[in-house]
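S.K.:
In my numbering, the protein residues as written are 10 to 85.
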């Protein structure tokens, strides 16, 4: 999950970097630093999105199992 978050953070960083026009605003070292900050922010955000999505999926699966069991016993 962490590796996927880093990869998705890289994609988010490229999108943010190009949207805000960071290539023209800063010097060469500023561009690298800005890109790394965007990358870190994107990785942290995607990590929490995956974490919340995994938590919600777990509860959806549990509710579906309970509904399946209730319907099995109700039909008998």
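All C-beta atoms, glycine included, are put in the ideal place defined by N, C-alpha and C.
Please report the straight-line C-alpha distance between residue 17 and residue 27, rounded to a whole angstrom.
M.R.: If you take the alpha carbons of residue 17 and residue 27, they lie about 16 Å apart.
S.K.: Is there contact here, the stretch 44-56 with the stretch 18-25, by at least three beta-carbon pairs under 8 Å?
M.R.: yes
S.K.: Under 8 Å, do residue 47 and residue 25 count as touching if we go by C-beta distance?
M.R.: With a cutoff of 8 Å on beta-carbon distance, residue 47 and residue 25 are scored as near each other.
S.K.: What are the start and end residues of the alpha helix (DSSP H) that includes residue 29?
M.R.: Premise fails: residue 29 is in no alpha helix (DSSP H) and is neither H nor E.
S.K.: When you compare the CB positions of residue 63 and residue 22, do they come within less than 8 Å of one another, or not?
M.R.: Judged by their CB atoms, residue 63 and residue 22 are not nearer to each other than the 8 Å cut-off.
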